[in-house]
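Numbering (my numbering), first residue to last: 75 to 434.
Even glycine gets a Cβ: it sits at the ideal position worked out from N, Cα and C.
Predicted model, so just to flag it, every value in this text is computed and none were measured.
Encoded as structure tokens, the structure appears first; notes follow it.
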């Protein structure tokens with residue numbers, strides 16, 4: 075901050091300047107109050123958000139600087155710039171406070187939500203939270219730089235410091251940066267959102283929150299699982315929560331003595347699936363005898379349900395299996411199980427038996 079500005083603050087800290095500053099604060103308060111009560115939606119939002127931090131912060135800066143200037147002649151520890159620097163610092167804090175509150179209010183306003191035009195409420199909440207965090211970081215960085223300049227650090231040194239700090243932090247926190255950037259990837263690519271059931275590298279659960287550094291899942295045994303975001307950047311992600319259908323795939327084992335009934339059984343099962351209200355007829359439906367097993371002839375059954383909800387899918391699959399059991403029983407067939415059949419050896423002629431006995 076330049077010396078001329080400090081000089082203007084010194085004039086403001088005089089008795090006459092305090093009176094003028096107080097009058098300005100009263101006018102600011104009245105203006106913001108009228109705008110809050112009678113202004114339009116955006117104006118009322120702005121005035122309601124910044125009125126308290128601006129008026130309170132600027133008042134503290136004004137009177138703290140005035141009191142400090144009055145105390146300067148009585149103590150040797152306060153120099154001529156103490157009151158100006160104190161006031162400038164408090165003004166920066168007040169303006170930063172007002173800016174952060176305004177950003178919070180604007181980002182969560184109905185007008186901003188309409189401007190975003192994000193259909194999914196979870197995606198919208200995630201985007202607003204991300205923008206809010208970035209905005210707060212930006213305000214804090216600018217405020218910190220302004221405070222350093224206020225206390226005599228040159229602008230060149232501040233720029234060099236911030237640049238060097240950024241490079242050092244980048245090398246020293248490489249993994250953190252990787253997780254942070256992966257968090258951006260998760261938002262812009264949106265492979266999953268909060269509430270989805272996902273699976274990656276043997277880790278599986280329901281997404282509860284997507285943070286800057288890690289994503290929290292809730293496993294099926296109700297335990298929290300924290301996964302660094304970098305894992306999602308380098309590993310495939312399966313998201314069953316976004317599937318269009320759930321698949322029913324099973325193998326029906328019939329006895330070998332039911333081989334003549336297989337054609338009838340497969341046709342009845344296929345007809346049942348093609349007319350089932352919970353089976354998606356636009357997807358592939360397969361019912362075919364496809365394997366000779368050691369103790370059975372196997373029929374493959376393959377279809378998809380309309381629902382993707384696990385509990386509902388289990389109910390549909392159970393009903394389909396029970397209908398299949400009725401079809402098998404109704405066709406006079408039965409289900410196979412591992413078994414061994416012994417057949418008696420054929421009777422040998424008596425002369426062949428005597429000949430074999432003599433040979434022995």
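| query | Apart from the five residues just before and just after residue 337, which ones in its own chain have a Cβ nearer than 7 Å to its Cβ? | reply | Position 263 of the chain shown holds residue 337. If we look at residue 337 and ignore the five residues flanking it on each side, it has no Cβ neighbours.
| request: Just confirm the distance between the C-beta atoms of residue 127 and residue 171, as a whole number of angstroms; I'd bet it's less than 8 Å. | output: In the chain shown, residue 127 corresponds to position 53, counting from 1. In the chain shown, residue 171 corresponds to position 97, counting from 1. With 8 Å as the limit, residue 127 and residue 171 qualify as a contact, their Cβ atoms being about 4 Å apart.
| query | Is residue 309 helix, strand or coil by DSSP? | reply | For this step, residue 309 is matched to residue 235 along the chain shown. Residue 309: coil per DSSP, three-state reduction.
| message | So the candidates are 198, 292 and 380; which of them puts its Cα closest to the Cα of residue 264? | response | Along the chain shown, read from residue 1 onward, the residue named residue 264 stands at position 190. For residue 264, the nearest C-alpha among the options comes from 198.
| task | Please report the residue range of the beta strand (DSSP E) in which residue 284 lies. | result | Mapped onto the chain shown, residue 284 falls at position 210. Segment 277-284, the beta strand (DSSP E) holding residue 284.
| field | Alpha carbon of residue 377 to alpha carbon of residue 201, nearest angstrom | value | As a first step, residue 377 must be located in the chain shown, where it is residue number 303. As a first step, residue 201 must be located in the chain shown, where it is residue number 127. Cα to Cα, the separation comes out at about 38 Å.
| If we ignore side chains and look at the alpha-carbon of each, how far apart do residue 389 and residue 382 end up? | Numbered from 1 along the chain shown, position 315 holds the residue referred to as residue 389. Numbered from 1 along the chain shown, position 308 holds the residue referred to as residue 382. One C-alpha to the other measures close to 12 Å.
| field | Validate contact between the region 128-137 and the region 96-113 using beta carbons, cut 8 Å, 3 pairs | value | yes
| field | Proximity of residue 313 and residue 270 at Cβ, strictly below 7 Å | value | Along the chain shown, one-based indexing puts residue 313 at 239. Along the chain shown, one-based indexing puts residue 270 at 196. Yes, Cβ-Cβ distance for residue 313 and residue 270 is below 7 Å.
| said: On the DSSP letters alone, give me the boundaries of the beta strand (DSSP E) that residue 435 sits inside. | reply: The question about residue 435 has no answer, for the chain in this structure spans 75 to 434.
| Run through DSSP, which three-state label would residue 353 get? | For the purposes of this step, residue 353 is identified with residue 279 of the chain shown, where counting begins at 1. It is a strand residue.
| task | For residue 328, count neighbouring C-beta atoms within 10 Å of its own C-beta (all shown protein chains included) and say buried if the count is 16 or more, exposed if not. | result | Along the chain shown, read from residue 1 onward, the residue named residue 328 stands at position 254. When all chains shown are included, residue 328 counts as buried.
| Residue environment, residue 260, which counts as buried when at least 16 other CB atoms sit within 10 Å | As a working note, residue 260 is residue 186 in the chain shown. The residue is buried, with at least 16 neighbouring Cβ atoms inside 10 Å.
| field | Own chain partners of residue 229 with C-beta closer than 8 Å, once the 5 adjacent residues on each side are dropped | value | For the purposes of this step, residue 229 is identified with residue 155 of the chain shown, where counting begins at 1. Closer than 8 Å at Cβ, skipping near neighbours: 223.
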